[in-house]
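Q:
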Amino acid sequence: MTPFKLTKILNLKEHEKQKALHEYEEARNRFEEVAEKLYHFLKQKEDYEEQHKQQLHSGIAIQHIRSFQQFMSNLQRVIDHYQHLVMQARQQMELKQLKLVELNVEVKKYEKIKKRYDEMVATQMRIAEQKQMDDISIQQYCYRETR
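So in the numbering used here the end of the sequence shown lands on 385, straight run, no missing numbers.
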């Protein structure tokens with residue numbers, strides 16, 4: 239029987255799928271990394287606000303309040319920047335995931351075609367074997383009858 243004619247395409251699609259999986263994992267890791275940094279800065283802001291609140295109750299200098307406000311303003315800019323990075327990383331991750339899903343569907347289609355082809359080849363081989371067995375049986379019968 240002839241080999242499966244779409245083997246090269248199937249292998250290519252599987253390779254593309256593996257590459258897409260790798261890219262998705264990298265995008266997911268990037269998203270997690272940026273999200274963790276954002277969480278860190280948000281937690282830091284929360285901690286500093288709580289600390290500042292306690293200092294206000296005990297009384298602090300105006301200069302300290304001004305420097306705290308400046309620090310919080312800078313921290314908020316960093317947080318805004320990381321929120322933007324998180325959104326970008328999430329979008330990239332989702333795009334990579336969609337590509338991976340599409341390639342996975344393509345690979346499944348080719349695998350299904352190959353499975354059908356293999357089943358057809360197996361059926362043809364069984365038919366050929368059965369025909370060969372029938373021929374052998376007929377030959378044996380003819381040999382016995384002629385003796």
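Where a beta carbon is used, it is the ideal one built from N, C-alpha and C, also for glycine.
Taking the alpha-carbon positions, what's the residue 336 to residue 302 distance?
A: Position 98 of the sequence shown, counted from the first residue, corresponds to residue 336. Position 64 of the sequence shown, counted from the first residue, corresponds to residue 302. Those two C-alpha atoms are separated by around 50 Å.
Q: Span of the alpha helix (DSSP H) holding residue 309?
A: If you number the sequence shown from 1, residue 309 lands on position 71. Looking at the DSSP string, the run of the alpha helix (DSSP H) that includes residue 309 is 300 to 384.
Q: Using the Cβ count rule (16 or more neighbours within 10 Å means buried), how would you classify residue 343?
A: Position 105 of the sequence shown holds residue 343. Residue 343 comes out exposed.
Q: Taking its Cβ as the centre, do 16 or more other Cβ atoms sit within 10 Å of residue 363, making it buried, or is it exposed?
A: Indexing the sequence shown from 1 puts residue 363 at position 125. It counts as exposed.
Q: Please report the straight-line C-alpha distance between residue 382 and residue 376, rounded to a whole angstrom.
A: Start at 1 with the first residue of the sequence shown, and residue 382 comes out as number 144. Start at 1 with the first residue of the sequence shown, and residue 376 comes out as number 138. Cα to Cα, the separation comes out at about 10 Å.
Q: If you count every other CB in all the chains shown that lies within 10 Å of the CB of residue 379, and 16 or more means buried, which is it?
A: The residue you call residue 379 lines up with position 141 of the sequence shown. Residue 379 comes out exposed.
Q: Please go through the same chain and pick out, in chain order, the residues whose beta-carbon is closer than 6 Å to the beta-carbon of residue 341, but skip the five residues on each side of it.
A: Here residue 341 refers to the residue found at position 103 of the sequence shown. Excluding sequence neighbours, residue 341 sits near 254, 255 and 258.
Q: Taking Cβ positions, are residue 338 and residue 262 nearer each other than 7 Å?
A: On the sequence shown, position 100 is the one that residue 338 refers to. On the sequence shown, position 24 is the one that residue 262 refers to. Yes, the Cβ-Cβ distance between residue 338 and residue 262 is below 7 Å.
Q: Do you know how far the Cα of residue 334 is from the Cα of residue 273?
A: As a first step, residue 273 is located in the sequence shown; it is residue number 35 there, counting from the start. As a first step, residue 334 is located in the sequence shown; it is residue number 96 there, counting from the start. Using only the alpha carbons, I get a separation of about 18 Å.
Q: In three-state DSSP terms, what is residue 243?
A: For the purposes of this step, residue 243 is taken as residue 5 along the sequence shown, with counting starting at 1. In this structure, residue 243 counts as coil in the three-state DSSP scheme.
Q: Please confirm whether residue 345 and residue 270 have their CB atoms less than 7 Å apart.
A: Against the sequence shown, residue 345 aligns to sequence position 107. Against the sequence shown, residue 270 aligns to sequence position 32. Taking 7 Å as the Cβ cut-off, residue 345 and residue 270 do not qualify as a contacting pair.
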